[in-house]
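Residue numbers (this note's numbering), protein chains in the order written: chain X, -3 to 306; chain U, 3 to 278.
For each residue, glycine too, the CB sits at the ideal point set by N, CA and C.
Right, one structure below, let's go through it.
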């Protein structure tokens, strides 16, 4: 209960800021609507209004500001409009038994989720394998780590189309695989860095103790390094799955994809339907929230089983 | 002396029964560092007999921990010879000649006390039933029988260190090497653990190598006190304690005890004259 107050305060502040921003963002659209409806607008000409600042327009047309909160194609929709659009394309369609229709965000979210999970699995495996190689081999540490860092400085939007083109060149059908590769590309890095740190977390005394038992390298890995890295692993996985989702959406954006949340965002932009963009954006955020929460629950269950103090 | 052999079932018991369990002859160890060579050990000669309780005392940098690590084959000497149970330290380690207790208990936080003690047994491939039997036995030995199912964070520092001693005892090594095991504990707990350690030593007849920087602790526990001094790390005095094996805590107020403590202090002071 005590935690609820600050959370709600922040939420209320964000919503208030959002509502306040809607008026200046939509004032031009509101005045266009008012002009078409035959109301008096200052200045009366659409072209002349473009010369004016939005603040001036708001001051001169204060009676029309309210129109900005109910436009069909707002620059910035209100939270209620976004919520309504989101419901229209998810819950309502599901209620009508059309959850997997191509107009439903559930369908597009499912497309995105598939690639995200494949990418996440691939990225996690690559990241963990890379981390193990780095921890156990000085040569790999010196040769692989710089490339891993460089790989993350290349903008993914520049790389995504190339990955799509190259994967179709080698005969991979469909978009699931190239999207998963893009998503793995973003996802492996936090896993790699976190696991390197986690696998290296046991101190010298811990490793000496195992040497006094003449433990093999494999035993040291399974009994000490791997369990010691678990808290680091889960933190990395949470960052990794969010990165995987971003990767998939980026993979859907500039590449002519027609399904997936990224494609919805692009199509919304091309067809001038900002509500669709915002709804897809929120669907992506909600999806990310669910995925991270699931990992958090897994983390709690695992660490509790490992006897970590609650 | 109590003649209990109930912990002596290891494969190497009865073998290599020579006079000296640990024998060092003009042992040298030089670390190459960026600031030039550091002589951690220089010309160390020492023989330790079976069943002895040997303390190593000296200021930091005198090589007492390094010497213990050499015995455990965690460091490799650069000169001289060192045998453990008549073998090289490496062979002795593979023959499970010693259990090592570090200053930090170093229990795995994700394992219960039982499972922590099971760690060396799992690595050495003991069967599950034998693991259980040994865990019960050593838990009893360190008086932690009711705490096997607890996690380390549920135990006090002193109890954690007792658990780590139990872990070192679990696989029946004849030698127990202890590197400032009670250094991080307060004095009251330390007194209690010292008493318990003497009891445990009497019951198990282990040979114990014990690093400390506390003079009362060294004198109270040991049959032999090795005084060391730094730069280069070397032995300045070896004192065979005339104290009886039976030692109540108030033995520390007797003239004999104080005389040994005085001699240790003199030895430490002589070593320090090299400073400045």
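- Where residue 32(X) is concerned, the enclosing alpha helix (DSSP H) starts and stops at 0 to 32.
- Here the region 171 to 180 of chain X lies against the region 227 to 245 of chain X, with 3 or more beta-carbon pairs under 8 Å apart.
- For residue 142(X), there is no enclosing beta strand (DSSP E); the enclosing alpha helix (DSSP H) has its first and last residue at 134 to 147.
- Secondary structure remark: continuous alpha helix (DSSP H) runs of at least 4 residues inside the region 34 to 58 of chain X, in chain order: 42 to 47 and 50 to 56.
- Going by DSSP, residue 153(X) is part of no beta strand (DSSP E) but of the alpha helix (DSSP H) stretching over 152 to 165.
- When the beta-carbon positions are compared, residue 235(U) and residue 44(U) come within less than 9 Å of each other.
- Considering only beta carbons, the part of the region 214 to 238 of chain X lying closer than 7 Å to chain U consists of 215, 219 and 223, in chain order.
- Looking at 247(X), 35(X) and 22(X), the one whose alpha-carbon comes closest to that of residue 171(X) is 247(X).
- Neighbourhood of residue 211(X) in chain U, by CB distance below 8 Å: 125, in chain order.
- Ranked by Cα distance from residue 82(U), the first of 268(U), 30(U), 187(U) and 167(U) is 30(U).
- Bounds of the alpha helix (DSSP H) holding residue 202(X) are 200 to 208.
- Comparing alpha-carbon positions, the option among 25(U), 32(U) and 212(U) lying closest to residue 233(U) turns out to be 32(U).
- One finds 76 in chain U with Cβ atoms closer than 7 Å to the Cβ of residue 207(X), taken in chain order.
- Judged by DSSP in its simplified three-state form, residue 275(X) adopts helix.
- Counting only unbroken stretches of 4 or more residues, the alpha helix (DSSP H) elements lying wholly within the region 183 to 239 of chain U are 189 to 206 and 217 to 223, in sequence order.
- As the crow flies, the alpha-carbon of residue 235(X) is around 20 Å from that of residue 130(X).
- Taken atom to atom, the span from the alpha-carbon of residue 196(U) to that of residue 120(X) is near 49 Å.
- For residue 171(U), there are no neighbours in chain X by C-beta distance under 9 Å, as the nearest C-beta there is about 13 Å away.
- Looking at the DSSP output, residue 89(U) sits in a beta bridge with 86(U).
- Any Cβ of chain U closer than 9 Å to the Cβ of residue 303(X) would place that residue at the interface, and such an atom is present.
- Boundaries of the beta strand (DSSP E) harbouring residue 103(U): 100 to 103, taken from the DSSP string.
- Contact note: residue 202(X) reaches chain U through 108, using a C-beta cutoff of 7 Å and chain order.
- Under the Cβ criterion of 9 Å, residue 245(U) is not counted among the residues facing chain X.
- Counting along the chain, residue 163(U) sits inside the alpha helix (DSSP H) bounded by residues 159 to 171.
- Shown here for residue 67(X): same chain residues with a beta carbon closer than 7 Å to its own, the five before and five after excluded, namely 22, 25, 26 and 29 in chain order.
- At a Cβ-Cβ threshold of 9 Å, residue 224(X) and residue 198(X) count as neighbours.
- Residue 80(U) sits in coil when the DSSP states are folded into three classes, being neither helix nor strand.
- For residue 121(U), the C-beta contacts it makes with chain X under 7 Å involve 219, in order along the chain.
- Cβ-Cβ distances below 8 Å link residue 92(U) to 75 in the same chain, with the five nearest sequence neighbours on each side left out; the list follows chain order.
- Counting only Cβ-Cβ distances below 8 Å, residue 104(U) has contacts in chain X at 201, 204 and 205, in chain order.
- In terms of Cβ geometry, residue 210(X) and residue 114(X) do not form a close pair [threshold 9 Å].
- Rounded to the nearest whole angstrom, the CA to CA distance from residue 270(U) to residue 257(U) is 20 Å.
- The region 259 to 279 of chain X makes no contact with the region 117 to 136 of chain U: fewer than 3 CB pairs, one atom from each, lie closer than 8 Å.
- One finds 303 in chain X with Cβ atoms closer than 9 Å to the Cβ of residue 114(U), taken in chain order.
- Cβ atoms of residue 27(U) and residue 51(U) stay farther apart than 8 Å, at about 16 Å.
- In this structure the region 188 to 195 of chain U does not lie against the region 34 to 42 of chain U, because fewer than three pairs of beta carbons, one per stretch, are closer than 8 Å.
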